[in-house]
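Residue numbering for the sequence shown follows this note's numbering, beginning at -12 and increasing consecutively. Every residue, glycine too, gets a C-beta built ideally from N, C-alpha and C. Predicted, not measured: the structure shown is a model, and the values here were computed from it.
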Amino acid sequence: SIVVATPAFVAADLLNEVAPNLVRSLQVIRYVSTGTISLAYRESDIRKPLNGFGVVVPRSERRPINAITVSSIKFSQRAPEGFALLRVFFGGSRSPHSMELNDAALVQTVRAQLRELLGIESAPMLQRIYRWHHSNAQYDVGHLDRVANLEKSLPAGLYLTGSAYRGVGIPDCIKQSQDTARRIISDFERRKA
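Below you can see the structure in the form of structure tokens.
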């Protein structure tokens, strides 16, 4: 058995010779790029109260960021006492233009958003930017039908799993992997009988 647990576009390249009938179906699974910027501040720099784990920015606001997580509230050991660690999410299908900004422009843009949303005027004590290009599969209309057709078209002994198919979260990927392992065992036992 062979399990392909890569992004769909990588699977398309890998399977081009052995399963060319799958390539187009794998290539049409669309991906977006995403990023985060983590910023550390003194708690006294944050003028608006942080009552909760963060903020999801409504699409209707058309901001260049998607969400803010207060990592130091969500995970108490992420910042020393008296400090707050924020993680700002950008990119994706909601703000793809943010991925194109250079680091300096991105920091400036994010700081302007934090100023407006949380009243933070100060420069961060620390900042780290992370970008993941072509990292998040998008489940466009008809996705589950495409996945079902892909699975029906797989040659015997070949299995696909990963975030491109039936869920992008870590628990989804774990469940898919377990389901794939069960299918392999079941197929093996059926062939053995």
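Asked	Found
Indicate whether isoleucine 24 and alanine 71 have their beta-carbon atoms separated by less than 9 angstroms.	no
If you draw a straight line from the alpha carbon of lysine -5 to that of alanine 6, how long is it in whole angstroms?	The sequence given here places alanine at residue -5; lysine does not occur at that position. Each residue's Cα considered, the two are about 13 angstroms apart.
Kindly indicate which three-state DSSP category alanine 151 falls into: helix, strand or coil?	coil
Quick test of your reading: isoleucine -11 and leucine 145, contact by CB under 8 angstroms. State the CB separation rounded to the nearest angstrom.	5 angstroms
Tell me where the beta strand (DSSP E) around phenylalanine 76 begins and ends.	70 to 78
Grab me the residues of aspartate 127's own chain with a C-beta within less than 7 angstroms of its C-beta, minus the 5 sequence neighbours each way, in chain order.	Arg17
Taking a contact to mean a Cβ-Cβ separation below 9 angstroms, would you say isoleucine 107 touches leucine 113 in this structure?	no
Going residue by residue through the region 109 to 173, where are the continuous alpha helix (DSSP H) segments of at least 4 residues, counting only ones entirely within it?	130 to 140
Would the beta-carbon of leucine 131 fall within 9 angstroms of that of arginine 153?	yes
Does the region 66 to 83 touch the region 43 to 53, meaning 3 or more C-beta pairs lie closer than 8 angstroms?	yes
Enumerate in chain order the residues of its own chain whose CB-to-CB distance from alanine -2 is below 7 angstroms, with the five nearest sequence positions on each side excluded.	Val(-9), Leu13, Leu147
Just confirm the distance between the C-beta atoms of leucine 9 and leucine 1, as a whole number of angstroms; I'd bet it's less than 8 angstroms.	Going by Cβ atoms, the distance from leucine 9 to leucine 1 rounds to 10 angstroms, so no, they are not a contact pair.
Return the chain-ordered list of same chain residues with a C-beta closer than 8 angstroms to the C-beta of phenylalanine 175, the five sequence neighbours on each side being excluded.	Ser(-12)
Could you check the C-alpha separation between glutamine 163 and serine 150 for me, to the nearest Å?	9 angstroms
Taking 7 angstroms as the limit between beta carbons, can you name the residues of its chain near tyrosine 117, skipping five residues before and five after?	Gly22, Thr23
Beta strand (DSSP E) containing arginine 194: first to last residue?	Residue coverage of the chain in this structure runs from -12 to 180, which leaves residue 194 outside it and unanswerable.
Tell me which residue opens and which closes the beta strand (DSSP E) that valine -9 is part of.	-11 to -9
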